[in-house]
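> Here it is: the structure, laid out below.
In full-length UniProt numbering, the protein residues as written are 1 to 1231.
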């Protein structure tokens, strides 16, 4: 690399192990008169070998002694003569650093800052092309002083490069800058001007073919037999003039693999994967353009400088920045416009985005203000870990059907998943049940950096590779299959390299990982490959939701052929690595035309209802994995290393099955498929598309044992009511891909719309991340006549059907499908109603450890009597309210109103599951409640267990106002007497009982519980509120304490607060004009599934029983107001602490508390939780218990992957409560 005037610059890449790119001096008698050194022009120039898609950065070093007049140096980068970025360096920075990307204001992020990295685009690099303008230039200016100033930056599209592009270089979206990262901005007093800089460095970047044409390097000789000899690159004109001493194995500018002779071979295939990521300490700087001169005539220039340690890794590409013509991400998103189509809005091409902006005008006058400088580096991390692009309108279009229905589904699947703004540490992949729960580990890094994991953090064998046959290059995509390949990166018949990871996107059901695969030659653009993991949430179809299976699909778009390999191992069926497994392979008929291939993997000795609990990973030791693919793929079962090496060398498998059964890690048997995509054709410019779908199912039968009313029962899975055997189930599931995609996309699209309006774009991501986690703790069982859902308290202690775990998850079920909530409560009610639990209060759980729901006949379950009674009563009334609506607009869940309105009034179970074909899709659930039907269902359900509800209420009357020493749901915080929030929950529970009694027409009971609750709430204010009236105390007798009063949420959710809800539970059934497409609901139109007009009557419908309109606030409104203000006072870095005892918080209670605060406080809590999600050092699925200060880590205990994150849906459930008016008044609160 050139060293000129004591300044050394080099272009470096992680793909080259951070070594400098190959550089060559110009040949003698060069046509453009390029010279290595031009003293008259103070210029140094070299040619550099560029590969399309190769990401790079600039390393610089000013070698002492520095000219005495220069206290600083300012560097300005130009591409094709257009200014891109500037940065500064001085003694404080050690006169060295790296520039990796620029910073730009991004309006789509509401004042956020986006980062743009550098990558060669490949345009104009053909053998017959030589664009003289393909030059990267760095001008160096001396400065005598600098002054720190406020940040001033422009948007990318406002700059010259943003408008005209950077020629052959792409400015790749590298995600957003973290809010907390320190940024320093300076004005520099310049000594030199842009017209006469102190020094200029020029890099003429060319392809290998162009360098050969120009005579810069020698052409590859051809042997007598016509085959190419080992290619060698030699400038032939001497390169020793250039100072190479700047390269060292581990210099401060970045570790390299050593100084490589420039006459060494340069393979056409991309470089191998480095064995380890190399870390470097750098000062990475970026200068921003266009600042006004605050001091006319002074030699001042704006600059922003950040310093930090940056881990170097390949640069992610991402879709282009939206143009001004694109729909702004800040505009209200639209729901899907039809059942089968993608969201309406602009389409954005899938391939390399081409010219992407950045620029600014420069002043060439000596001593003037040239521009603002911004210098950037990510402190303590890897900038690649940031998920790119804030654009939520991206729609990817695959046009090659195979078959047509699958292509339509694939297009919808990859298109509906909008770009995600938050970057959690872990992402869901196949998350379906407590035992089918596979996650992307270290999701901020490349997906091949670690193996996927079970929710506990234990590795799961799940890997994918892609191979380009034209270059014999293999790329790891998921997991660490490359650990089985040659560690040098050059195996027999293959090279190992890195794809360009473009980032992840996710919605409620889907996680998409996108890659760019480097092309085999300059005639091709990089191929785009998307891995899509679909665990569909289908609130309109319980049958589909009950199937413990997920889809994994691969979508490719490009102009060259590619092969894809996928495998799984025995860790899916046992947590014991030494467990012996057996397997089988079948080739079955899907229908008359199609067949599919399936691997079945099972523990040889299944241990029924047993987890690897004491092994620490809680995986099931019974059940089988079914791994299915279409018949046109190749298959093989055998030793992992052998299969992966064979695929890497040949791109295929042998269609053989190893017959030697053994333990999971004994010559690790894997079960693999390989698919070849033939995309090359007559044209190298028109991209072809293709896709393949695999399915993974974890089948258990029975699923749990349950102490039901008829005794201990082995419970079979719900899906068995429709399918006689597993083969029928797998066939249905595979062929149902299109419908599953459609129904899941329907839910995700509406959820995104509602969450955006309720909170923000951050809230969209938070609830999307939470949805699969909630359902991943459930297992559907029973029959359509008696459906049940069993739930595991994941990670905290493994209890079964824990009441105070169902309770925080409850907002998710109210918003998504209230009938699922009813089926969660039913096992508890059946068990206690049959007399198997001896205490007068509600039980804590149905079994000490899932899947053994054997009850607590001795009554010695965890002691939370007030907690559990209050929880059950609050959930019971909210369930009744969800049944009693009169129009689709006033329904608790929009999906309740879809499907057939038919129901069997004489059925023993009012919550029996009935399905029918609806709008061309079979197995759509009938409507939930509504009109007269809903009232009758509510009465029938309550009447069966009324004595139980009354028993719990009696306990609360006796013990809730002044709770004795006991646990609350926050049991990790310890026992506490006179707990203010716990007492309030019990009092709200008593109030709920008055409404339940009125629903059945039990007027005496209703009046009694109403009177008790009215007296108690007045007493509670006297006991619980601080002496100065500013907030609620943690405990009545704990002066100086405070707590989050999240029980206020239940008061609002049950419509006990007309100041907020502006309606009453009895008026929710009043008639409204109701269109066929839900035109009254939030966000304008839902549309994908239309409610049946017969479901909704346009006449007045009363609630059952004697319930009357609630016209007075149960809890005075000033309690809401003082708590809202107080939360603003005690807020911490990452959110609202639970109470004054600790700085940790519970995210579920944060959202319930936030839902009943002012819009300002609610937004503040939401933003802080979003910041935590981006920055937390936790390394497990979404934890609900974390520290609000420091690094946002686990406080101990360690909670993660728990279904309580359903509480994040608190805003959404409340907005649809009380006839859809549950949060309207909060919009107007002022503080």
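Every residue gets a Cβ at the ideal spot worked out from N, C-alpha and C, and that includes glycine. Source: prediction; values computed, not measured.
If you draw a straight line from the C-alpha of residue 344 to the C-alpha of residue 540, how long is it?
Low per-residue confidence applies at residue 344: pLDDT is 32, beneath 50, and the placement is therefore not dependable, though the value from the model is reported in the following sentence. C-alpha separation (whole angstroms): 22 Å.
> With a floor of 3 residues, list each beta strand (DSSP E) that falls wholly inside the segment 879-937, ordered by position along the chain.
915-918 and 921-925
> Look up residue 663 in the DSSP assignment and say whether it is helix, strand or coil.
strand
> When you compare only the Cα positions, how much space is there between residue 209 and residue 215?
10 Å
> Can you check DSSP and say which residues form a bridge with residue 865?
Partner(s): none; residue 865 has no beta bridge.
> Compute the Euclidean distance between the alpha carbons of residue 1239 and residue 52, then round it to the nearest angstrom.
In this structure the chain extends from 1 to 1231, so residue 1239 is not present and cannot be described.
> Since residue 775 is in the alpha helix (DSSP H), which residue starts that stretch and which ends it?
761-775
> If you drop the 5 nearest sequence neighbours on each side, which residues of the same chain put their C-beta closer than 6 Å to that of residue 934?
So the qualifying residues of the chain are 883 and 884.
> Return the Cβ separation of residue 955 and residue 990 in integer angstroms, given the expectation that the two are a contact with Cβ distance under 8 Å.
The pair is not a contact, with the Cβ atoms about 10 Å apart (cut-off 8 Å).
> In whole angstroms, give me the CA-to-CA distance for residue 166 and residue 115.
16 Å
> Below 8 Å on the Cβ atoms is my guess for residue 786 versus residue 709; work out the distance and round it to an integer in Å.
Between residue 786 and residue 709 the beta-carbon gap is near 11 Å, outside 8 Å, which marks them as no contact.
> According to DSSP, is residue 944 helix, strand or coil?
helix
> Would you say residue 824 and residue 781 are within 7 Å of each other, going by their C-beta atoms?
Not in contact: residue 824 and residue 781 (Cβ atoms no closer than 7 Å).
> Specify, as a first and last residue, the run of the beta strand (DSSP E) that residue 565 falls within.
562-569
> What is the C-beta distance between residue 865 and residue 841, in whole angstroms, given that I count them as a contact (C-beta under 8 Å)?
In this structure residue 865 touches residue 841 by the C-beta definition: roughly 4 Å separates them, less than 8 Å.
> Is residue 930 closer than 7 Å to residue 960 when the C-beta atoms are compared?
no
> Can you tell which of 1165, 1109, 1116 and 1151 has its C-alpha closest to the C-alpha of residue 1131?
For the options 1165, 1109, 1116 and 1151, the alpha carbon positioned closest to that of residue 1131 is the one of 1165.
> On the DSSP bridge assignment, give the partners of residue 199 in chain order.
140
> I need the DSSP call for residue 849, collapsed to helix, strand or coil.
strand
> Relative to the C-alpha of residue 971, which candidate in 1138, 859, 812 and 1209 has its C-alpha closest?
Among 1138, 859, 812 and 1209, the Cα nearest to that of residue 971 belongs to 1138.
> Does the separation of the CB atoms of residue 656 and residue 636 fall below 7 Å?
yes
> Under 8 Å, with one C-beta from each stretch per pair, do the segment 866-877 and the segment 796-812 reach the 3-pair mark?
yes
> I believe residue 939 touches residue 1000 by the beta-carbon criterion, under 8 Å. Please report the beta-carbon distance rounded to the nearest angstrom.
So it is a contact: roughly 6 Å between Cβ atoms.
> Among the candidates 531, 851, 763 and 794, whose CA atom is the shortest distance from the CA of residue 694?
That would be 531, whose Cα lies nearest to the Cα of residue 694.
> With DSSP run on the structure shown, which of helix, strand or coil describes residue 164?
helix
> How is residue 264 classed by DSSP in three states: helix, strand or coil?
Note on residue 264: pLDDT 27, under 50, position unreliable in the model; no value is reported.
> Could you check how far apart the C-beta atoms of residue 665 and residue 577 are, in whole angstroms? I think they sit under 8 Å.
Contact holds; Cβ gap of about 5 Å.
> If you follow the beta strand (DSSP E) that residue 1114 is in, where does it begin and where does it stop?
First-last for residue 1114: undefined, no H or E at that position.
> Could you pull out every residue in the same chain whose Cβ sits closer than 7 Å to the Cβ of residue 606, ignoring the five residues on either side in sequence?
Closer than 7 Å at the Cβ level, and outside the excluded window around residue 606, lie 621 and 622.
> In angstroms with no decimal places, state the Cα-to-Cα distance between residue 905 and residue 980.
Cα-Cα distance, rounded: 43 Å.
> Would you call the CB atoms of residue 191 and residue 142 closer than 7 Å?
Less than 7 Å divides the Cβ of residue 191 from the Cβ of residue 142.
> Can you look up residue 480 in the DSSP assignment and give me helix, strand or coil?
Under the three-state reduction of DSSP, residue 480 is assigned to coil, being neither helix nor strand.
> With DSSP as the reference, please indicate the residues paired to residue 1144 in a beta bridge.
1187
> Starting from residue 722, follow the beta strand (DSSP E) in both directions and report where the run begins and ends.
Premise fails: residue 722 is in no beta strand (DSSP E) and is neither H nor E.
> With H, G and I counted as helix, E and B as strand and the rest as coil, what does DSSP make of residue 66?
coil
> Reducing DSSP to helix, strand and coil, say where residue 599 ends up.
Three-state result, residue 599: strand.
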